[in-house]
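Just so we're aligned, residue 40 is where the sequence shown starts under my numbering, counting upward by one.
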Amino acid sequence: MTTEPLEPWFETVGRGYKPLLKPIHPEGKRVLRILVFGMAASLLAPLLLALVDPPIWFAITLVVATLFLSFVVTPVWFLLKTRNRIRIVG
40 MTTEPLEPWF
50 ETVGRGYKPL
60 LKPIHPEGKR
70 VLRILVFGMA
80 ASLLAPLLLA
90 LVDPPIWFAI
100 TLVVATLFLS
110 FVVTPVWFLL
120 KTRNRIRIVG
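The structure is reproduced here in structure tokens:
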């Protein structure tokens, strides 16, 4: 039985098995961190707004803007910034 050589970024597990997850690119780690903070902000925004009691249109606008920034603007910015530097390894 032969096994193909492992790429250098994989650690050997057992006899020739590859881990399920590949290491994350440093730029990807930064984007994931921004997404997580964006999700936390979008979850905390309604709670904080409930304490301040602003008009409903302001509260809805703030929550939608937070979601849009964290889930649309950040990934698109990341893809545009790194489109020539990241090579998909399959």
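Ideal Cβ positions, reconstructed from N, Cα and C, are used throughout, including at glycine.
Small disclaimer: the values here were computed from a predicted structure and weren't measured.
- Collapsing the DSSP output to three states places Pro85 in a helix.
- Only exposed fits Val112, as fewer than 16 other CB atoms lie within 10 angstroms of its CB.
- Note that the C-beta distance between Leu101 and Ala84 is below 8 Å.
- Sorting Leu118, Leu119 and Phe76 by C-alpha distance to the C-alpha of Leu106 places Phe76 at the top.
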